[in-house]
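J.: For what it's worth, our numbering labels the leading residue of the sequence shown as 66, then goes sequentially.
Built from N, CA and C at the ideal position, the CB exists for glycine as well.
Dumping the structure here so I can ask a few things about it.
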Amino acid sequence: MSKKKYLAKIIAKDPNGLQVISACCSYGKVKVDGIKFLKKNKIFLLSLERSNKETHKNQNIKSICKFEFIDSVKSKNIDQNNKDYILELLAIDLFKVGENFEITLLFNNNAFITLFAEVLEITLEDQNRLND
């Protein structure tokens, strides 16, 4: 009998949920090519390779972090022309500015991306394990 392997799917709609996603994604590797803002759909996608912190096994997992209801995006210290450059995601911070939210993705080398949204809805969904 084969053992089923379930991959994580975490949905955050408040600051506490976002903290869980931030903890799961910390030190994840992100290729510049894996960062997409779908302006028309108000969706920001981040493809990353992260270690499995939930089970404490030494596994790497390909995951997608999807931010919805994003009005605009700003980045600093990220060369968007270097598609193969790999960033290390350190943390995801949240700031409330009036009625809106600023979600800041902090990377190594003082690089960051700030997402501007009216509503918090973030999903972390695992795609596959890399070293099964």
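Note down, in chain order, each residue of its chain lying with its Cβ closer than 6 Å to the Cβ of E190, except the 5 sequence neighbours on either side.
T.: Closer than 6 Å at the Cβ level, and outside the excluded window around E190, lie K74 and I129.
J.: Exposed or buried, what is G163 when buried is set at 16 or more other beta-carbons lying within 10 Å of its beta-carbon?
T.: Label assigned to G163: exposed.
J.: Leaving out five residues before and five after S112 in sequence, what residues of the same chain have Cβ atoms less than 6 Å from its Cβ?
T.: Closer than 6 Å at the Cβ level, and outside the excluded window around S112, lie G99 and I129.
J.: In whole angstroms, give me the CA-to-CA distance for V97 and K141.
T.: Distance between the alpha carbons of V97 and K141 is about 13 Å.
J.: Taking the straight line between their C-alpha atoms, what separation do you get for T179 and I168?
T.: The straight-line gap from Cα to Cα measures roughly 6 Å.
J.: For K105, which option in A77, I135 and R115 has the closest C-alpha, if you only look at C-alpha atoms?
T.: Here the closest residue by C-alpha is I135.
J.: Between N165 and E183, is the Cβ-Cβ spacing less than 9 Å?
T.: Yes, the pair counts as a contact, with Cβ atoms nearer than the cut-off.
J.: Let me know if M66 comes out buried or exposed under the rule of 16 or more other beta-carbons within 10 Å of its beta-carbon.
T.: Below a pLDDT of 50, predicted positions are generally treated as unreliable, and M66, at 38, falls in that range; the measurement from the model is reported next regardless. M66 should be labelled exposed.
J.: Kindly identify the DSSP beta-bridge partner or partners of V184.
T.: V184 pairs with nothing; no bridge assigned.
J.: What number of angstroms, rounded off, separates the C-alpha of V95 from the C-alpha of F160?
T.: Looking at the two C-alpha atoms, the distance is approximately 23 Å.
J.: Just to confirm before moving on: does the CB-CB distance between L170 and F177 stay below 9 Å?
T.: Against a cut-off of 9 Å, the Cβ pair of F177 and L170 comes out as a contact.
J.: Taking the alpha carbon of Y92 as the point to measure from, which residue in K107, D79 and E114 has its own alpha carbon closest?
T.: Of the listed residues, the one whose Cα sits closest to Y92 is E114.
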